[in-house]
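One structure below.
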Amino acid sequence: MSATTATAPVGPAPEELTAAQAHVLAAQSANPSYAGHHVGQYIELVGPLDAAALEEALGLTLDEAPWLRFRLTLDDGRYGQSPVALRPAGRSLPRLDTSEAADPIAAALDLVRERLACPPRLDLLLDPPAPENTPDLFGAALVTLGTEHHLLVQYFHQLAVDGYGVSLLSRRVSEHYTALVTGSRPPASPFAPVSVLARAERAYLGSAAYATDLEAWSRRHPAPPVPVRPTGREAAPSDTTVRATVLLGPAESAAVTATARLAGGTWGEAVLAACAAHLAPYADGGETPMALYTTARTAPGTLRVPGAAVNILPARLTAGPHDTFRDLLRQASAELDFLRRHQRVRGEVLARHIWPGLSGRRVPGLLVNLRPFESELDFGGTTGHVVSLASGPVDDLSVAASCRPDGRLRLDVDGNPALYDAGSLDEHARGFAAMLTALGRDPDRPARPAAPSTAGSAPVPARRPTPPTDGEAGPLALLPSAHRLRATDGPVDCAHEAVLLSVPAGLGTAPLRRALAGLARRHPALRLALHRSNGIWSQEVRPASAAPACTEADTLRRVPVAGVPAGERDRLVEAALHRAAEELDPGRARVLRAVWFDAGPREPGLLLLVAHLLSVDGVGWQTLTDELPLLHGESPTAPPGPAGGLSVWAARLGAEAGSGSRIAELTHWAQLTRSPAGRSWPAGGPGHRVVTRLELPTPVERSDGAPHAFDVLLLAALARTAHSRPRLHDGSGLVVELELPRPAHAPRTAGRLSTVHTVRLPLPPGPASGAEAYDRTVLTLGAVPGLGRGLEQLRHLNTQTAALLAGLPRRGVHYQRRAALRPSAGDGRWAPADGALWPATYAADPSGGGLPLSGPLRLVVQSAAGGDGQSLLTLHWHWSDALFSAAEARALSEEATATARESARSERAGTYPEPGFAATFHETTPTTDGAPGAATHL
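In terms of my numbering, the sequence shown has 868 at position 842, counting the first letter as 1, and numbering is strictly consecutive.
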């Protein structure tokens with residue numbers, strides 16, 4: 027039965043997809059947000075330019091290739107393509123101006139890469155509500171860089187056209203433009219329709235030539251060659267790349283071309299030989315499998331079609347210990363000759379046949395793109411220099427080579443940012459170029475040794491390239507926070523924290539993705555995978571090459587909000603937060619999500635960051651937001667130094683759990699097990715959320731995470747409030763789980779390194795003054811050994827003591843204090859968003875998202891510096907909706923806040939915090955040999 031959509035226009039029957047289109051469609055459907063299937067280029071025009079004539083020339087060219095805009099059809103499980111009329115807007119040429127930028131070309135390319143980072147919506151390609159809603163698979167823009175200096179930018183999705191097809195279109199645009207400005211007639215259209223490609227492929231697959239070619243490939247590769255991976259690691263293709271470009275000098279380029287010609291080849295064979303020589307040190311026995319782009323256009327008429335036919339086929343050269351560059355040239359010539367004769371077999375078919383055990387859909391190995399297309403075009407007397415920006419997915423390394431009209435060779439080396447940074451990629455680019463130069467100068471020298479330093483402009487590799495470090499990877503012992511989460515009722519996959527930042531305008535999707543991937547490479551907690559089986563939890567830190575935050579394009583989503591009213595933006599943010607939280611999957615290490623609300627090139631945008639609860643805490647968020655602008659490149663400050671240390675920290679906590687000083691604390695904690703076990707609180711939902719505020723004098727700052735004067739004041743106020751509210755306590759005291767910030771000596775990295783300990787605050791026998799309640803709270807908290815950090819170690823990390831603490835009261839009021847997020851230290855323009863832009867539902871608590879209340883109340887206190895020695899406290903109250911009504915929740919919140927305010931202003935205010943308060947609390951640092959370390963009195 028036909029499944030074609032109802033919006034199909036009346037016209038010719040749909041054409042088949044070409045094999046290249048079907049391959050791209052399958053890959054894009056498997057990952058709809060992946061943006062790596064774009065090809066893009068710009069033509070630099072220096073000289074007089076008639077912008078209106080250029081726009082007309084572009085429209086005339088598109089009129090001659092109507093198959094470039096199409097909708098997908100589906101009939102009996104087979105996809106086809108049906109042309110859709112070009113929209114009037116599709117004929118226009120948007121004009122941009124970056125002439126006032128510090129680097130006009132770089133600013134222009136940022137705009138282009140932003141467009142390349144947006145994949146088409148396949149649902150609208152298959153079933154558009156109306157023909158005009160069909161997404162365009164191509165686009166162009168004219169960017170003014172200065173007087174008589176322009177860039178004509180063009181971008182196409184590989185579902186519509188490949189690199190060779192783009193060159194046909196560019197040439198035709200130049201012909202139409204020249205005819206328009208000179209008043210002449212353009213040559214007849216050279217184009218053939220896309221049906222020529224599809225029919226040629228169909229005829230080939232039904233011919234004896236196809237079977238012959240398959241047999242030839244089987245003989246060529248009887249066993250699968252081992253792919254060469256310079257980093258020793260694999261990674262999924264990224265939709266962005268890192269690029270390094272090398273332009274050989276005139277003398278070096280001429281020498282390479284002459285040597286190749288003497289060997290019966292071209293500069294293309296020389297590039298292939300140089301690539302093999304450079305990769306030989308990384309290869310098994312010097313055998314270097316590569317993957318070559320081929321046009322796959324051998325049938326009559328196919329070279330005239332601006333469509334998608336590109337193929338990627340395996341090639342293999344061996345640089346033995348005694349092979350010279352001349353030997354490699356001969357191998358390269360033979361390999362390219364074989365490819366030309368058998369290039370119509372699809373590479374994805376060969377990949378499954380030759381490498382059946384490999385993941386991925388294409389031939390593995392270094393991608394080599396030999397571009398013989400025109401690199402200069404004539405636009406009515408103004409020369410256009412063509413520069414490629416993107417050629418498609420890159421899973422490891424790609425080398426694109428071209429020869430300019432002046433004979434100079436250009437190498438564009440692209441790398442997967444999950445495997446290479448700018449420095450390591452630059453070394454590879456110089457290494458390829460150095461081998462190419464050595465081939466031209468001395469073709470009879472051995473190809474395996476590294477090229478020596480040479481005089482002149484030829485680049486030379488400085489050292490063996492190294493990939494960007496993953497930091498730490500591998501199994502990670504459960505931290506106390508993981509044990510804490512394990513004891514939580516209900517699902518934990520979506521447990522999260524979120525922050526909303528105001529960010530500079532025009533960040534760009536691609537740079538922002540790279541910055542987020544850089545954060546994940548630096549911080550192991552953003553690569554954390556949680557494994558659960560039969561109630562047993564374990565976790566590991568994934569390497570960057572296997573971490574979604576480094577490899578998945580949909581870690582970041584872009585939501586355009588230019589012109590959207592503030593109220594609607596709030597709703598978009600709230601919806602994005604829900605969606606991002608639902609996408610978290612710690613089992614697959616998907617622990618970070620980001621949404622950029624792009625308000626356009628002139629208005630600051632918003633950046634929503636959502637991370638799993640095990641990956642962040644208050645200190646971690648500040649670290650991440652400080653580093654993000656540095657990694658994005660928006661700040662002049664140098665990028666931060668190494669981060670990490672989770673594995674060392676986990677090992678340290680495990681060692682401390684068995685130390686003598688920690689075990690000595692057991693007496694204190696065991697007393698809690700002998701007191702009443704605490705109430706069994708009814709399960710609640712998300713709770714009633716109330717926000718109140720306090721302004722108090724700033725006490726002495728604590729850097730160790732010990733109880734603060736604020737904590738004492740608020741906990742005392744809670745105890746007074748709870749006195750006559752039995753729904754808040756268990757009759758013998760107010761049980762509080764006190765979550766304190768991580769200690770100062772903890773690693774400054776992402777991760778949940780806060781600690782929780784239990785206290786039982788005494789209830790006053792009757793109405794008590796604020797001073798009396800304050801004193802009792804100080805004494806209770808001051809009696810806690812080691813600032814309470816040992817409880818979770820003894821409870822979870824020491825198997826001998828864990829059983830002795832099984833009777834601890836586990837539920838009660840959960841109290842957490844954290845510093846409010848400050849503007850980034852790297853760039854103050856990256857700052858917490860204004861409260862009006864943050865959905866009220868989630869403004870109430872940036873922590874603990876997705877988890878039900880386990881007791882009567884959760885209170886999160888955020889402190890920020892105010893003026894005149896004051897501190898601003900924002901109190902986020904979450905009251906159990908199984909115990910309290912919404913009206914009661916608000917009344918209790920306001921009463922406790924007023925009680926704390928009254929206590930701070932009481933007759934004892936002159937001693938708030940009282941003399942000696944800071945000295946009441948001290949932490950003893952355990953040592954691993956069982957002896958206590960020196961006490962740090964604060």
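For glycine and all other residues, C-beta sits at the position ideal for the given N, C-alpha and C.
Quantities reported herein were computed from a predicted structural model and do not represent experimental measurements.
query                                                                                                      : result
Buried or exposed by the 16-neighbour rule on C-beta atoms within 10 Å, applied to Ile-562                 : exposed
Touching by the beta-carbon criterion (3+ pairs, under 8 Å), the region 419-427 and the region 393-406     : yes
Ala-476 versus Leu-298: straight-line alpha-carbon distance, rounded                                       : Its pLDDT being 45, under 50, Ala-476 is placed unreliably in this model, and the coordinates cannot settle the point.
Pairwise C-alpha distance: His-247 and Ala-229                                                             : 26 Å
C-alpha gap between Pro-767 and His-783, whole angstroms                                                   : 12 Å
Span of the alpha helix (DSSP H), counted from its first residue to its last, around Phe-1                 : Outside the displayed range of the chain (27 to 964) lies residue 1, so it cannot be described from this structure.
One or two residues paired with Ala-858 in a DSSP bridge                                                   : Residue identity differs from the one stated: residue 858 is Pro in this sequence, not Ala. Per DSSP, Leu-527.
Contact the region 551-569 vs the region 633-648: 3+ CB pairs below 8 Å                                    : yes
Beta strand (DSSP E) runs contained entirely in the region 710-792, provided each spans 3 or more residues : 714-723, 760-766, 781-787
Where Ser-661 falls, given that 16 or more other Cβ within 10 Å makes a residue buried                     : Only weak support exists for where Ser-661 lies, its pLDDT of 48 falling under 50; the value from the coordinates is given anyway. Answer is buried; the Cβ neighbour count reaches 16.
Cα-Cα separation, Arg-113 to Trp-903                                                                       : 54 Å
Cβ contact (3+ pairs, closer than 8 Å) linking the region 556-575 and the region 505-522                   : yes
Span of the beta strand (DSSP E), counted from its first residue to its last, around Val-222               : Segment 221-231 is the alpha helix (DSSP H) holding Val-222; no beta strand (DSSP E) there.
Burial state of Arg-584 (16 or more Cβ within 10 Å)                                                        : buried
Beta-carbon proximity of Ala-772 to Leu-779, cut-off 8 Å                                                   : yes
Helix, strand or coil at Cys-520 according to DSSP, with G and I counted as helix                          : coil
Exposed unless 16 or more other CB atoms sit within 10 angstroms - verdict on Glu-818                      : buried
8 Å Cβ cutoff met for Ala-281 and Gly-466                                                                  : yes
Residue(s) in a DSSP beta bridge with Thr-44                                                               : Thr-44 is not bridged to any residue.
Beta-ladder partner(s) of Pro-109, from DSSP                                                               : Phe-96
Stretch pair the region 848-856 + the region 644-659: three plus CB contacts closer than 8 Å               : yes
Cα-Cα separation, Arg-927 to Leu-885                                                                       : 16 Å
Sequence-distant residues of its chain with Cβ nearer than 7 Å to Arg-352 (five each side left out)        : Ala-289, Pro-469, Asp-470
Opposing strand residues paired with Leu-2 [DSSP bridges]                                                  : Past the edges of the chain, shown from 27 to 964, lies residue 2, and the structure says nothing about it.
Beta-carbon proximity check, Arg-821 vs Leu-831, cutoff 8 Å                                                : yes
Boundaries (first-last residue) of the beta strand (DSSP E) holding Gly-680                                : Here Gly-680 belongs to no beta strand (DSSP E); instead the alpha helix (DSSP H) covers 672-683.
CB of Leu-787 within 8 Å of CB of His-658, strictly                                                        : no
Trp-856 to Thr-535 span [Cα, whole Å]                                                                      : 16 Å
Beta-carbon proximity check, Thr-718 vs Leu-901, cutoff 8 Å                                                : yes
Validate contact between the region 497-504 and the region 330-342 using beta carbons, cut 8 Å, 3 pairs    : no
As assigned by DSSP and simplified to three states, the class of Asn-824                                   : coil
Segment limits, alpha helix (DSSP H) that includes Cys-576                                                 : 574-577
Pro-952 to Arg-688 span [Cα, whole Å]                                                                      : Residue confidence for Pro-952 is low, a pLDDT of 47 falling below 50, so the modelled location carries little weight; the figure read from the coordinates is stated next. Each residue's Cα considered, the two are about 7 Å apart.
Start and end residues, alpha helix (DSSP H) containing Val-375                                            : 373-380
Among Thr-257, Asp-265, Thr-271, Ser-221, nearest to Ala-309 - alpha-carbon criterion                      : Thr-257
Local conformation of Leu-273 per DSSP, three classes                                                      : strand
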